[in-house]
Every structure is written in structure tokens, then in C-alpha cells.
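Colleague:
In UniProt numbering, the protein residues as written are 1 to 147.
(1) Please report the residue range of the alpha helix (DSSP H) in which residue 79 lies.
(2) Does the structure place the stretch 27-40 close enough to the stretch 65-77 that three or more beta carbon pairs sit under 8 Å?
(3) Beta-carbon within less than 8 Å of residue 113's beta-carbon, same chain only, minus the 5 sequence neighbours each way: which residues are those?
(4) Quick check: the Cα distance between residue 103 and residue 78, rounded to an integer number of angstroms?
(5) Distance check for residue 126 and residue 92, CA to CA, integer angstroms please.
(6) Whole angstroms are fine: how far does the CA of residue 128 sit from the CA of residue 66?
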């Protein structure tokens, strides 16, 4: 795991939006991200809060669960795809079961429960794909992006 965390420190961008409605899971993910060098983690539990936040800010990466307190996060995933924001789907679902969930396949898929190194590797792949597509790539860890 140390190697995966070292690799993430070189690629993790400053703002990570974590969309997770289970408090213990969110805390675990936050600890994993902080251990890997993340500096700014915003944790939200609902689609409405995420929509409001994304109307103001531009995260460098989003980790999202499919089911949040007020519904499914598919509209949020569509918004992320439109804006070119990379995301990791962190869910108990093993596969897409509904047509409306197809948009989620644009992100890296990590099934719960996931080991910290699995999540870190998925984040690394996600950010690497963004760089390959001409995205922002690595930025100064003290930079904050606003929409």
C-alpha cells in the first residue's frame, strides 16, 4: 500500500469531492485520502448538496456512491462527464443494472468493501486518464479551482 500512496501523492489534485451517505465509510475514505496526501476533501451526503456545491466549485476528482440520501447520483455523474471531471464510483453494486446507470461507466468502478490500496489505484487510473485526454493533470496541491 505504501507504493500506491506514494504514487498518489504525485498525482492527487487539491480538491476531492466525496459523495457518500454512510458516515463510517466516508470517514474511512477520508483517512485513506489524507494518508495518501490529499489536502482538501469535501464530504457531502446528498445529490442536492452536491449539485449546489458543483454549481460553485470545480473539484479535481469526485468519489461517489450511486445511492445518496436523496436519490441516485446519475445526474451528478452526467454533470461530471459534461465538465470533464474525473470520478470514481465507489459502490456495493457489482455491475450496472439499469439503463440510467450507464453514465457511471465513465468513471473508475470500485466495489465496496474496497481495500485502501484498491481505491488509491482507481484514483490514480482516473487521474492518469484525465491527463491522457488533455485534462488538467497534476496541479500544485495548494491550488483551489472554482467554476
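Cβ atoms here follow ideal geometry from the backbone N, Cα and C, with glycine treated the same way.
Modeller: Checking against the coordinates, here is how it stands:
(1) 74-83
(2) no
(3) none
(4) 6 Å
(5) 19 Å
(6) 23 Å
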